[in-house]
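Protein chains in written order, with numbering that gives the first Met the number 0: chain D, 0 to 242; chain F, 0 to 242.
A virtual CB, placed ideally from N, CA and C, is assigned to each residue, including glycine.
Number of protein chains: 2
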Amino acid sequence: MKGLIGVLGGMGPAATVDLFNKFVTYTIANKDQEHIPLIISSIPDIPDRTEALLNHGVSPLPLMTNYLKKLEDAGAECIVIPCNTAHFWFDELKNTCHVDMLSIVETTMQEVLLTKKKNIGLLATNATMYMGLYQKSIEQKKLNCITPDEESQKLVMKSIYLLKSGNKDAAEEIMKSQAELLFSRGAEVIILGCTEVPVILANEVKKHPNKYIDSTGSLVRASIHWYENRVGKSHLIITENLK
Amino acid sequence: MKGLIGVLGGMGPAATVDLFNKFVTYTIANKDQEHIPLIISSIPDIPDRTEALLNHGVSPLPLMTNYLKKLEDAGAECIVIPCNTAHFWFDELKNTCHVDMLSIVETTMQEVLLTKKKNIGLLATNATMYMGLYQKSIEQKKLNCITPDEESQKLVMKSIYLLKSGNKDAAEEIMKSQAELLFSRGAEVIILGCTEVPVILANEVKKHPNKYIDSTGSLVRASIHWYENRVGKSHLIITENLK
């Protein structure tokens, strides 16, 4: 299938649903057949990424490699991973992969640069923070990265795990306060640098699309561009105003 | 992967997102790893099912068979298809398939019988209506099937294709009136017998869950039961009140 995009998902499942939904809603299509072809692995037994990186937990790399191979075998020509923390292993996965891969950190940073803002807030997992997945790129561009303090970061993690356990309302209440704190400390725009966060803050992002960079959204927009280039169809355009 | 469920989707993509979302929200899970493992094909170039059945269009069967095989090759142990009209070819697909398959028509009818209602409304595509996918089962059970009249059925189809082209609000307005008409003609409960319809009427179903049988929801609930039996985990239960 020309242009088939493989999604290495399940990290977590709700974030993978969010990515899939954005593929459907960001594509202008008049009928089923004009939508982007996707093959989605949502096999969630991949070990917790933050646990692996910060608490000597089991490495998720072997299962990620295994499921990535399944997607390749099914004919995927490009692979995306809707989990920021998993991008710690991006280069290793790319080395084993025989098709294109798009990095969510790169697609998100491209959208950050388009905003021309200088003070960039960041909501992400402890591991994404600790590994500096975003901070390094932000600082390389001479921008200022504003991250939650230690107590706030604990609440960010609490909110993420609340969503993973199905409690969206409680997750939203906590995460909203953490976003407000970053704005009060001078953030002009906030990177939602964990794919659970755009699910948690969906109402906020809808109300104030220009205040957030949704990492999942950026990955979907970049994937649609990849598909357009691959199949040469120019009628597939992006409907979001975050450009 | 023990218990891996394959989803033969893309018919249409929004309905497949809806199914995936229901898998995540109907499963009680405290962490990613407790969710149901899924491999989802959303390759939407499968020819239109209604066109094939009513207007001598290209048959969707060869591509459905092909994508079903991909899911089997990826390790799926049970296959589900979130498209009612596609179930016209269910037996042919089952004959080529080496693993379990659950029929959306059967899972929906099981939930219809649980309601103990006698007057069953039906919202579905022209082809599902014409082929009698639901009417036959309903009449076998000595129940009364109430379907839209010819003019109303045209509006049902218009609403379904509006959703497929991304216009949910217009689709909702039309479909809501058609549901009201069926209730005014004596329907006690309405089968949403096309997987686009629960997406279109999502707000209505949320308000009045006992007035509708959501075919997608029934397929997800049956799939979760299948998974529980397969892996022997009893903590996976169903949160919906439609039981």
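Closer than 8 Å at the beta carbon, the chain D residues around residue i
i	result
Ala10 (chain F)	Looking at the sequence shown, residue 10 (chain F) is not Ala but Met. Here the neighbours are Asp31.
Ile27 (chain F)	Gly165
Lys69 (chain F)	Ile38, Ala73 and Gly74
Partner residues on chain F for residue i, Cβ-Cβ distance less than 9 Å
i	result
Phe19 (chain D)	Pro12, Thr15, Val16, Phe19, Asn20, Ile39 and Ser41
Ala126 (chain D)	What Ala126 (chain D) touches in chain F: nothing, since even the nearest Cβ is about 14 Å away.
Of the residues the options, the one placed nearest residue i, counting alpha carbons only
i	options	result
His97 (chain D)	D:Leu70, D:Lys116, D:Gly192 and D:Asn143	D:Leu70
Asn118 (chain F)	F:Tyr133, F:Leu142 and F:Glu138	F:Leu142
Arg229 (chain F)	F:Phe19, F:Val23 and F:Ala75	F:Ala75
Cys144 (chain F)	F:Lys153, F:Gln134 and F:Glu150	F:Gln134
Lys21 (chain F)	F:Leu37, F:Leu132 and F:Met100	F:Leu37
Ala178 (chain F)	F:Phe19, F:Asn166 and F:Asn202	F:Asn202
Ile80 (chain D)	D:Pro147, D:Lys232, D:Met63 and D:Ser176	D:Met63
Asn29 (chain D)	F:Leu161, F:Leu122 and F:Ile137	F:Leu161
Val120 (chain F)	F:Arg184, F:Lys1 and F:Leu3	The amino acid occupying residue 120 (chain F) in the given sequence is Gly; Val does not appear at that position. When each option's Cα is compared against that of Gly120 (chain F), the closest is F:Arg184.
Ser158 (chain D)	D:Lys1, D:Ser214, D:Thr194 and D:Ile137	D:Thr194
Pro59 (chain F)	F:Leu7, F:Lys1 and F:Asp99	F:Leu7
Glu171 (chain D)	D:Ile137, D:Asp90 and D:Leu122	D:Leu122
Gln152 (chain F)	F:Ile173, F:Lys205, F:Ile27 and F:Ser136	F:Ile173
Lys163 (chain F)	D:Glu150, D:Ile27, D:Phe89 and D:Met0	D:Ile27
Met0 (chain D)	D:Ser214, D:Glu138, D:His224 and D:Asp72	D:Asp72
Leu181 (chain D)	D:Asp31, D:Ser214, D:Ile137 and D:Pro147	D:Pro147
Cys82 (chain D)	D:His224, D:Leu18 and D:Gly165	D:Leu18
Asp31 (chain F)	D:Gly165, D:Glu138, D:Gly231 and D:His55	D:Gly165
Cβ distance (whole Å) where residue i is taken to contact residue j below 8 Å
i	j	result
Phe87 (chain D)	Met130 (chain D)	5 Å
Pro12 (chain F)	His34 (chain D)	5 Å
Gly5 (chain F)	Thr107 (chain F)	Contact flag wrong, Cβ pair sits at about 20 Å.
Cys77 (chain F)	Leu92 (chain F)	Their Cβ separation, rounded to whole angstroms, is 13 Å, which puts Cys77 (chain F) and Leu92 (chain F) out of contact at 8 Å.
Val104 (chain D)	Leu132 (chain D)	5 Å
Same chain, Cβ closer than 6 Å to residue i, five either side skipped, listed in chain order
i	result
Lys116 (chain D)	Glu187 and Val188
Asp99 (chain D)	Cys77
Ala169 (chain D)	Leu161
Glu149 (chain D)	none
Trp225 (chain D)	Cys77
Thr114 (chain D)	Val188
His55 (chain F)	none
Ser136 (chain D)	Met108
Close beta carbons around residue i, own chain, < 7 Å, minus the five adjacent residues each side
i	result
Gly9 (chain F)	Thr15, Ser40, Ser41, Ile42, Pro43 and Ile45
Val57 (chain F)	Pro46 and Ala51
Thr49 (chain D)	Thr84, Thr124, Asn125 and Ala126
Lys210 (chain F)	Val188 and Ile189
Lys140 (chain F)	Leu112
Leu3 (chain F)	Pro36, Ile38, Gly74, Ala75 and Glu76
Lys89 (chain F)	At residue 89 (chain F) the sequence reads Phe, which differs from the Lys that was named. Result list for Phe89 (chain F): Ser102, in chain order.
Glu138 (chain F)	Cys144
Sequence-distant residues of its chain with Cβ nearer than 8 Å to residue i (five each side left out)
i	result
Glu239 (chain F)	No answer about Glu239 (chain F) holds up, because its pLDDT of 47 lies below 50 and its placement is not dependable.
Leu175 (chain F)	According to the sequence displayed, residue 175 (chain F) carries Lys and not Leu. For Lys175 (chain F), where only same-chain residues beyond five positions count, the Cβ hits under 8 Å are Leu200 and Glu203.
Thr95 (chain F)	Thr64, Leu67 and Lys68
Ser222 (chain F)	Ile4, Phe22, Ile35, Cys77, Val79 and Leu101
Leu53 (chain F)	Asn125, Ala126 and Tyr129
Within chain D, the residues that residue i reaches when beta carbons sit closer than 7 Å
i	result
Met0 (chain F)	Ile42
Val267 (chain F)	The structure shown has nothing for residue 267 (chain F), since chain F only spans 0 to 242.
Neighbour list for residue i in chain F, Cβ cutoff strictly below 8 Å
i	result
Leu3 (chain D)	Ile42
His34 (chain D)	Gly9, Gly11, Pro12, Ser41 and Pro43
Contact with chain A by residue i, beta-carbon distance below 9 Å
i	result
Phe22 (chain D)	Looking for chain A here will not work: the only protein chains present are D and F.
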